[in-house]
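Asker:
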Amino acid sequence: MDNEKVMVTVRQYIKYFLSLKLLLLISIVNVGFAQDSEQQTSIITNDVAPEQEYLTPSQIFVASLKEGMIVGYFNQYWVAVDKIDINGYYRKIVKIEDNNSFVVQDFFTDTNKKQSDPVLIHNIYELKQVGFLRSIEGPYVTWYKNGQKQYQSFYNEKGVLDGVIQAWYDSGILKLKGQYDNGKKAGQWTEWHANGRVKSQVDYINNVLSGSYKKWYENGQQHTLGSYKNGLLNGLWIAWGSKGEKVSEGEYSANHRIGLWTYYAEGKKWAEGNYINDLQDGIWTYWKEDGSKDKEIVYQKGVKIKESHFNKKSDSNG
Numbered sequence: 005m006d007n008e009k010v011m012v013t014v015r016q017y018i019k020y021f022l023s024l025k026l027l028l029l030i031s032i033v034n035v036g037f038a039q040d041s042e043q044q045t046s047i048i049t050n051d052v053a054p055e056q057e058y059l060t061p062s063q064i065f066v067a068s069l070k071e072g073m074i075v076g077y078f079n080q081y082w083v084a085v086d087k088i089d090i091n092g093y094y095r096k097i098v099k100i101e102d103n104n105s106f107v108v109q110d111f112f113t114d115t116n117k118k119q120s121d122p123v124l125i126h127n128i129y130e131l132k133q134v135g136f137l138r139s140i141e142g143p144y145v146t147w148y149k150n151g152q153k154q155y156q157s158f159y160n161e162k163g164v165l166d167g168v169i170q171a172w173y174d175s176g177i178l179k180l181k182g183q184y185d186n187g188k189k190a191g192q193w194t195e196w197h198a199n200g201r202v203k204s205q206v207d208y209i210n211n212v213l214s215g216s217y218k219k220w221y222e223n224g225q226q227h228t229l230g231s232y233k234n235g236l237l238n239g240l241w242i243a244w245g246s247k248g249e250k251v252s253e254g255e256y257s258a259n260h261r262i263g264l265w266t267y268y269a270e271g272k273k274w275a276e277g278n279y280i281n282d283l284q285d286g287i288w289t290y291w292k293e294d295g296s297k298d299k300e301i302v303y304q305k306g307v308k309i310k311e312s313h314f315n316k317k318s319d320s321n322g
């Protein structure tokens, strides 16, 4: 009998705890419904209360920005990083304009000297970017650590390069000078070697190479003379070695070698023959170092048909 009383008592306790658990669950659900109801009421109230102002995430971000605040770090290779790079630079807000545009300036981390002049950026999402900025406007100038000017260009109101662009070596010698017309290369572009001698001169029309092409070695000897048409090699092209000796001479048409081409080794004629659409065709003659003829090879649209050696037996297809 005592065991039966104990079992009854246990069953009563279990029912009691289950009842408590059920009541607790019901109260939690009721509270949840009440909170959801309050949130829904709040949402509805907000929707029908236009006089109350709400900030978007970008507006909140703008509101948190202050003049003098550092907004980005970059390494020496112009790549954005998450923390200070002693060999890189950082970007600071110089001024916040009324239209939520920003005047920013970059500084070298180790010296705090300017890495760029102040520049205007219209898009908040480009504050931490370098290269290919689309909302930049006005002059853009960068500097070397030694205080020499490194680069100078101008962006129009569309955020594209417009006008003269220049770059310098850290010695102060001019490295590059060219022109953009509404984002496209135009006119003559010139490069210089570090010693101040001209390195190359090319012409652009509407961002495409068109016109003469000239290139020089660092010692001043001419490297290449040719021309482009609609971005393709065209007309007579001549190449020289660093000592002034001719290396090759022939014509291009739309990037393909055509007609008679002559090749030289140490200034002496080495090979000569014709091309059709960049394929060797007809008789090609080759010379030895002493200037005497070495062999002749007959080609047909790039395929060797016959080879003949001077002072030796003729060798077909060999």
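Reading the sequence shown from the start, the letters are residues 5 to 322 in the working numbering.
All residues carry an ideal CB built from backbone N, CA and C; glycine is no exception.
According to the neighbour-count rule (16 or more other Cβ atoms, all chains shown, within 10 Å of its Cβ), is I301 buried or exposed?
Answerer: Numbered from 1 along the sequence shown, position 297 holds the residue referred to as residue 301. It counts as buried.
Asker: How many Å lie between W265 and G254 at the Cα?
Answerer: For the purposes of this step, residue 265 is identified with residue 261 of the sequence shown, where counting begins at 1. For the purposes of this step, residue 254 is identified with residue 250 of the sequence shown, where counting begins at 1. The straight-line gap from Cα to Cα measures roughly 4 angstroms.
Asker: Taking only three categories from DSSP, how would you classify E255?
Answerer: Looking up residue 255 in the sequence shown gives position 251. DSSP places E255 in strand when its eight states are reduced to three.
Asker: Under the rule that 16 or more other beta-carbon atoms within 10 Å means buried, what is Q304, buried or exposed?
Answerer: The residue given as residue 304 occupies position 300 in the sequence shown. Under this definition Q304 is an exposed residue.
Asker: Name the DSSP beta bridge partners of G263, please?
Answerer: By one-based count along the sequence shown, residue 263 stands at place 259. Answer is Y279, bridged to G263.
Asker: Mind checking whether K153 and W172 have CB atoms under 8 angstroms apart?
Answerer: By one-based count along the sequence shown, residue 153 stands at place 149. By one-based count along the sequence shown, residue 172 stands at place 168. Yes, Cβ-Cβ distance for K153 and W172 is below 8 angstroms.
Asker: Can you pull the DSSP bridge partners for F78?
Answerer: In the sequence shown, residue 78 corresponds to position 74, counting from 1. In the DSSP output, where bridge partners are listed per residue, F78 has A84, Y93.
Asker: Between G200 and Q183, is the Cβ-Cβ spacing less than 8 angstroms?
Answerer: In the sequence shown, the residue the question calls residue 200 occupies position 196. In the sequence shown, the residue the question calls residue 183 occupies position 179. No, Cβ-Cβ distance for G200 and Q183 is not below 8 angstroms.
Asker: Note down the Cα distance separating N234 from Y217, rounded to an integer number of angstroms.
Answerer: Numbered from its first residue, the sequence shown carries residue 234 at position 230. Numbered from its first residue, the sequence shown carries residue 217 at position 213. C-alpha separation (whole angstroms): 13 angstroms.
Asker: Does DSSP classify Y4 as helix, strand or coil?
Answerer: The requested residue 4 does not occur in the structure, where the chain is confined to residues 5 to 322.
Asker: My assumption, with CB atoms under 8 angstroms, is that W196 sits in contact with L213. Please give the rounded CB distance.
Answerer: By one-based count along the sequence shown, residue 196 stands at place 192. By one-based count along the sequence shown, residue 213 stands at place 209. Not quite, the Cβ-Cβ distance comes to about 19 angstroms (not below 8 angstroms), so this is no contact.
Asker: Quick one: measure Cβ to Cβ for V145 and D121, integer angstroms, because I've assumed they're closer than 8 angstroms.
Answerer: Here residue 145 is taken as the residue at index 141 of the sequence shown, counted from 1. Here residue 121 is taken as the residue at index 117 of the sequence shown, counted from 1. With 8 angstroms as the limit, V145 and D121 qualify as a contact, their Cβ atoms being about 4 angstroms apart.
Asker: How close, in whole Å, do the beta carbons of Y268 and S252 come, if the pair is a contact with beta carbons under 8 angstroms?
Answerer: Counted from its first residue, the sequence shown places residue 268 at position 264. Counted from its first residue, the sequence shown places residue 252 at position 248. About 7 angstroms separates the two Cβ atoms, so the contact holds.
Asker: Take the Cβ of K189 as the centre, count every other Cβ of all protein chains shown within 10 Å, and call the residue buried at 16 or more, exposed below.
Answerer: On the sequence shown, residue 189 is found 185 positions in, with the first residue counted as 1. K189 comes out buried.
Asker: Straight-line CA distance for V107 to K99?
Answerer: Translated into positions along the sequence shown, residue 107 becomes position 103. Translated into positions along the sequence shown, residue 99 becomes position 95. Going by the C-alpha atoms only, they are around 5 angstroms apart.
Asker: Helix, strand or coil: which one does DSSP assign to Q39?
Answerer: Here residue 39 refers to the residue found at position 35 of the sequence shown. Confidence is the limiting factor: at Q39 the pLDDT is only 40, short of 50, which leaves the residue's position unreliable, though a coordinate-based value still follows. Q39: helix per DSSP, three-state reduction.
Asker: Near K219, which residues of its chain fall below 6 angstroms by C-beta distance, leaving aside the five closest residues on each side in sequence?
Answerer: Start at 1 with the first residue of the sequence shown, and residue 219 comes out as number 215. Closer than 6 angstroms at the Cβ level, and outside the excluded window around K219, lie S204, H227, T228.
Asker: Would you call Y129 buried or exposed, if buried means 16 or more other Cβ atoms sit within 10 Å of its Cβ?
Answerer: As a first step, residue 129 is located in the sequence shown; it is residue number 125 there, counting from the start. Per the 10 Å Cβ criterion, exposed.
Asker: Roughly how many angstroms separate the alpha carbons of Q243 and V83, rounded to a whole number?
Answerer: Numbered from 1 along the sequence shown, position 239 holds the residue referred to as residue 243. Numbered from 1 along the sequence shown, position 79 holds the residue referred to as residue 83. It should be pointed out that residue 243 corresponds to Ala in this sequence rather than to Gln. Those two C-alpha atoms are separated by around 38 angstroms.
Asker: Tell me whether V123 is buried or exposed, calling it buried when 16 or more other Cβ atoms sit within 10 Å of its Cβ.
Answerer: The residue you call residue 123 lines up with position 119 of the sequence shown. Flag for V123 reads buried.
Asker: Suppose the cutoff is 6 angstroms on Cβ atoms and the five residues either side in sequence are ignored; what does the same chain contact list for I74 look like?
Answerer: For the purposes of this step, residue 74 is taken as residue 70 along the sequence shown, with counting starting at 1. Y94, K96.
Asker: By DSSP, does E57 sit in helix, in strand, or in coil?
Answerer: For the purposes of this step, residue 57 is taken as residue 53 along the sequence shown, with counting starting at 1. Low confidence applies here, because E57 scores a pLDDT of 46, under 50, leaving its location unreliable; read the following figure in that light. E57 falls in the coil class under three-state DSSP.
Asker: Going straight from the alpha carbon of D114 to that of Q156, what length do you get?
Answerer: The residue given as residue 114 occupies position 110 in the sequence shown. The residue given as residue 156 occupies position 152 in the sequence shown. Between D114 and Q156, the C-alpha separation is close to 23 angstroms.
Asker: Nearest to A258 by CA position, among G271, Y81, L237, is which residue?
Answerer: Translated into positions along the sequence shown, residue 258 becomes position 254. Nearest C-alpha to A258: L237.
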